[in-house]
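Counted from 1, the sequence shown has number 118 at position 117 by my numbering; the numbering is strictly sequential.
Each remark here refers to the structure printed beneath this line.
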Amino acid sequence: MILDHRSNTAKEHRDTWRTDPRMIAGLFELLRPCYIDGCASDENHLLPEYFTKQENCLQLNWRLEAKKRGVPPAVYVNPPFSKEDTTVATPYNGMANFFRKARAEAERGVYSQWLFRARPGEGWFPWLLASRIWFIVGRVGFVSSETLKLDDQQTENHCVAEFIPDELPFMATGLALNRDDIISAGEKVITKGKYPIITARYAQLMS
């Protein structure tokens, strides 16, 4: 759930943007599918199994959670982009925290796939932690939790990081993925109903 810094976004909605259903379905087809939505809510989750803010994915054992829920250990995350809250004793956000957690979980056998803003010059950027980083060619739109409409006027680039078990990071290579190819792959699989909740979210978006 990417934070939007623009002034016309109400504060309570800034960390609750939803991934375009076509984008997540396309990534699952072109890379690999995931079975747990790692930063979600009862209102905006895209997969049957999901972690809420209250559950706090940073404090959960993802492999154990996947086993308890009866799904493969593969987590999709569109993380909140808000600045880390350093006033709390137990971390719940912060890009550096998220990526350190992803690396630790990969070493326990959990695959994770992250869609986030492409800022390779930032200290938190997971060059030394991720297995692969894909830079998306073309702007990525997100669904506003306030309007439930797709905002395709995003001004920043985005990328996808994969944390792959048994694939140790060594200065992850920047690879390219075309946004239109991702969207096209997603549209095709959505029409087949392979991912029921994603298909339902897309129908809601189009209504």
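Cβ atoms here follow ideal geometry from the backbone N, Cα and C, with glycine treated the same way.
Discussion item. Using C-beta distances below 8 Å, list every residue in its chain close to CYS35, excluding the 5 sequence neighbours before and after it, in chain order.
Written reply: For this step, residue 35 is matched to residue 34 along the sequence shown. Within the same chain, CYS35 has close Cβ partners PHE29, LEU48, ALA75, VAL76, TYR77, TYR112, SER113, GLN114.
Worksheet item: Taking the runs of the alpha helix (DSSP H) that are 4 residues or longer, which of them lie wholly in the stretch 56 to 142?
Response: Look at the stretch 56 to 142 and you find these whole runs of alpha helix (DSSP H), each 4 residues long or longer: 63 to 70, 96 to 107.
Worksheet item: Is it true that the stretch 92 to 104 meets the stretch 137 to 150, where meeting means three or more beta-carbon pairs spaced less than 8 Å apart?
Response: No, they do not touch.
Discussion item. According to DSSP, is TYR51 part of a helix, a strand, or is it coil?
Written reply: As a first step, residue 51 is located in the sequence shown; it is residue number 50 there, counting from the start. DSSP places TYR51 in strand when its eight states are reduced to three.
Worksheet item: Among the residues of its own chain, which have a CB less than 7 Å from the CB of TYR203, if the five just before and after it don't count?
Response: One-based indexing of the sequence shown puts residue 203 at position 202. Same-chain partners within the cutoff: PRO22, ARG23, ILE191.
Worksheet item: So is ASP86 buried or exposed if we call it buried at 16+ other beta carbons inside 10 Å?
Response: On the sequence shown, position 85 is the one that residue 86 refers to. Here ASP86 is exposed. Its C-beta has fewer than 16 other C-beta atoms within 10 Å.
Item to complete: Check whether the Cβ atoms of PHE136 and ALA97 sit closer than 8 Å, and answer yes or no.
Response: By one-based count along the sequence shown, residue 136 stands at place 135. By one-based count along the sequence shown, residue 97 stands at place 96. With contacts defined as CB atoms closer than 8 Å, PHE136 and ALA97 fail to qualify as a contacting pair.
Worksheet item: Does the Cβ-Cβ distance between ASN158 and ALA119 come in under 8 Å?
Response: Here the question's residue 158 lines up with position 157 in the sequence shown. Here the question's residue 119 lines up with position 118 in the sequence shown. Yes, the pair counts as a contact, with Cβ atoms nearer than the cut-off.
Worksheet item: What is the C-beta distance between ALA201 and PRO170, in whole angstroms, given that I count them as a contact (C-beta under 8 Å)?
Response: The sequence position of residue 201 within the sequence shown is 200, counting from 1. The sequence position of residue 170 within the sequence shown is 169, counting from 1. The beta-carbon separation of ALA201 and PRO170, rounded to 36 Å, does not stay under the 8 Å limit for a contact.
Worksheet item: Residue ranges of each alpha helix (DSSP H) run of no fewer than 4 residues wholly in the stretch 151 to 200, ordered along the chain?
Response: Every alpha helix (DSSP H) stretch that sits fully inside the stretch 151 to 200 and reaches 4 residues is listed by chain position as 180 to 192.
Discussion item. Restricting to Cα atoms, I'd like to know which of LEU59, ALA90, TRP63, ILE37 is closest to TYR51.
Written reply: Sequence index remark: in the sequence shown, residue 51 carries index 50 (1-based). A check of alpha carbon separations from TYR51 across LEU59, ALA90, TRP63, ILE37 identifies ILE37 as the nearest.
Discussion item. Between which residues of its own chain and PRO73 is the CB-CB distance below 6 Å, once the five residues before and five after are set aside?
Written reply: Numbered from 1 along the sequence shown, position 72 holds the residue referred to as residue 73. Cβ neighbours of PRO73 beyond the five flanking positions: TYR36.
Worksheet item: Can you tell me whether DSSP reads ARG19 as helix, strand or coil?
Response: Start at 1 with the first residue of the sequence shown, and residue 19 comes out as number 18. Here ARG19 sits in strand by DSSP.
Worksheet entry | Unbroken beta strand (DSSP E) run spanning CYS40, endpoints | What you label residue 40 is simply residue 39 of the sequence shown in a count that begins at 1. Under the DSSP assignment, CYS40 falls in the beta strand (DSSP E) whose first and last residues are 37 to 41.
Practice prompt. Out of THR91, GLU188, PHE117, state which residue places its alpha-carbon closest to the alpha-carbon of SER83.
Written response: The residue labelled residue 83 in the question sits at position 82 within the sequence shown. Nearest C-alpha to SER83: PHE117.
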